[in-house]
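At position 182 of the sequence shown the residue is numbered 181 (numbering that gives the first Met the number 0), and the sequence of numbers has no breaks.
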Amino acid sequence: MPNPTNEIIERAVVLDAGGVAGMAWIAGLLSGLKSKGCDLSAADVLIGSSLSALLAAQVRSGVALEKLFPMQALALAPHSWQSVTPKESYRFSELWARLIHRDAKSDPANLLEVLLAARAIFTPSEWTSIVSEHIFLQDWPTRELKIIATDCVSGQPVVFDRLSGAGLLDAIAASSATPGLVHPIKIDGRYCTDGGLCSPKNIGFAEDAQKVVVISPMGTAEWTMSNDHASMQIEQLKKGSEVMVVVPDYPSRVAFEDNPFLVQTRVHAAEAGLVQGIQLAKDISSFWVRD
0 MPNPTNEIIE
10 RAVVLDAGGV
20 AGMAWIAGLL
30 SGLKSKGCDL
40 SAADVLIGSS
50 LSALLAAQVR
60 SGVALEKLFP
70 MQALALAPHS
80 WQSVTPKESY
90 RFSELWARLI
100 HRDAKSDPAN
110 LLEVLLAARA
120 IFTPSEWTSI
130 VSEHIFLQDW
140 PTRELKIIAT
150 DCVSGQPVVF
160 DRLSGAGLLD
170 AIAASSATPG
180 LVHPIKIDGR
190 YCTDGGLCSP
200 KNIGFAEDAQ
210 KVVVISPMGT
220 AEWTMSNDHA
230 SMQIEQLKKG
240 SEVMVVVPDY
250 PSRVAFEDNP
260 FLVQTRVHAA
270 EAGLVQGIQL
280 AKDISSFWVR
290 D
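See the structure below:
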């Protein structure tokens, strides 16, 4: 998406979707990097989708990464998934799989109909209230933050930022509205849902940056629903930007178990991310530092 302010964007960080485990892993990774002197939170633009949108907002609110890590690894902050059973978490995974691989011919219901028909644990207002407990500012930060959600009618990504007219809390709640956990959230007459549903990656929204670090818990996953090809997005972005993609290593993938929505993955995923961040700090620092 073109930069509406025409400002020079030197560095951007993209935090992709990945459920509870993915958010915890990213928090650990960022903390591990910073412990070795590589602070990605200093990016000119921070882009987040799904639960990673919540983490991106926390980072932009000025909370030190040293505090965000224990919030995940030690569960020091309340979390909505504490009231979700493993059975319900697997239901989320099954619904998610249906949505991202759905065939319009065999599944004629549109996306909005499927989401509204799904049994949800929280109402939009309840979910918004939960999200409000996790962010530490009410208005959009001055440092650029982009929150990606999915339009429930078109299935296309929707970008919210301080120029979009949407409230920060509503944008984060919509982006993190996991199907099955909460029904779509209405913003300015448009139903929006989880930002990871339209694509596991939102690389394209960093197209104006000179250097881009993409942190992707889902690795090379691609969604049939949007005919998404992450490798094509990366190659296109590389035509105008330098790009580094960070994905979970083997210990981190093991920590995710087989369901990124399971709350018990949170501690191990955060710890694995911390170790991986420390190990990658030198390479990422070499890429990230200003020339």
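From the three backbone atoms N, C-alpha and C, an ideal C-beta is built for every residue, glycine too.
Taken through DSSP and simplified to helix, strand or coil, V246 comes out as coil.
Remark: three or more beta-carbon pairs, one from each stretch, lie closer than 8 angstroms, so the segment 186-203 and the segment 49-61 are flagged as touching. Under the criterion of beta carbons closer than 8 angstroms, A208 and R59 do not qualify as touching, at roughly 16 angstroms. Judged by beta-carbon spacing, L261 lies beyond the 8 angstroms limit of E143, meaning their Cβ atoms are not closer than that value. Taking C-beta separations shorter than 7 angstroms and ignoring five residues to either side along the sequence, the partners of V62 in its chain run F135, following chain order. Comparing alpha-carbon positions, the option among V274, D187 and P178 lying closest to E87 turns out to be P178.
Here W126 is near A176, since their CB atoms are less than 8 angstroms apart.
Take A271, set aside five residues on each side of it, and the residues of its chain with a beta-carbon closer than 7 angstroms to its own are W24, G27, P250, S251 and A254, in chain order. Where D150 is concerned, the enclosing beta strand (DSSP E) starts and stops at E143 to D150. For the set Q71, R90, S34 and H100, the Cα lying nearest the Cα of A119 is the one of R90. Spatial neighbours of S34 in its own chain (CB-CB distance under 7 angstroms, excluding positions within 5 residues in sequence) are listed in chain order as I277. Shortest Cα-Cα distance from K281 to any of G164, L14 and L32 involves L32. By the Cβ-count criterion, T141 is exposed, with fewer than 16 other Cβ atoms from all chains shown falling within 10 Å of its own Cβ. Going by DSSP, T127 is part of the alpha helix (DSSP H) stretching over P123 to S131.
In the structure shown, I202 adopts helical secondary structure according to DSSP, grouped into three states. Counting of Cβ neighbours within 10 angstroms places S240 among the buried residues, the total reaching 16 or more.
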